[in-house]
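Read through the structure below, which is laid out as structure tokens, and then see the notes.
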């Protein structure tokens with residue numbers, strides 16, 4: 333699936349960190365109704381993508397590493413799931429039984445690829461700040 337629950341919650345984690353200098357995982361969980369194990373899993377991926385910065389110690393926690401005006405939905409989603417496809421047949425590793433005798437993908441595949449490309453383009457243009465301002 334293209335936008336998983338984990339992707340949705342990653343945006344919630346970013347939203348929780350918005351405007352905060354640093355938040356603990358328990359504060360993030362409380363603000364966004366996320367379980368701690370799930371939040372840790374998401375934060376680890378966001379930290380690897382350099383979207384958030386983690387701090388250790390008694391006063392540890394997490395903060396945003398970039399401004400929301402430069403962080404896009406695509407970056408958050410791809411940090412969580414780098415292989416984003418709206419349907420599994422668009423994954424190059426998928427062996428579709430509907431491919432034609434000529435080795436070309438079926439017409440449905442080609443149309444869905446176009447839809448996916450448009451969606452990715454939109455996600456790359458939409459910043460998290462734009463979403464927060466619209467809310």
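In the numbering used here, the protein residues as written are 333 to 467. For each residue, glycine too, the CB sits at the ideal point set by N, CA and C.
Buried/exposed call for residue i, threshold 16 Cβ in 10 Å
i: residue 399; result: exposed
i: residue 380; result: exposed
i: residue 384; result: buried
i: residue 365; result: exposed
Beta-carbon proximity of residue i to residue j, cut-off 8 angstroms
i: residue 412; j: residue 339; result: yes
i: residue 281; j: residue 405; result: Because the chain spans 333 through 467 in this model, residue 281 falls outside it and cannot be assessed.
i: residue 394; j: residue 354; result: yes
i: residue 455; j: residue 409; result: yes
Residue i, DSSP secondary structure in three states
i: residue 394; result: strand
i: residue 405; result: helix
i: residue 355; result: strand
Those residues which DSSP pairs with residue i across a bridge
i: residue 389; result: DSSP, once it has assigned bridges, lists no residue as partnering residue 389.
i: residue 384; result: 396
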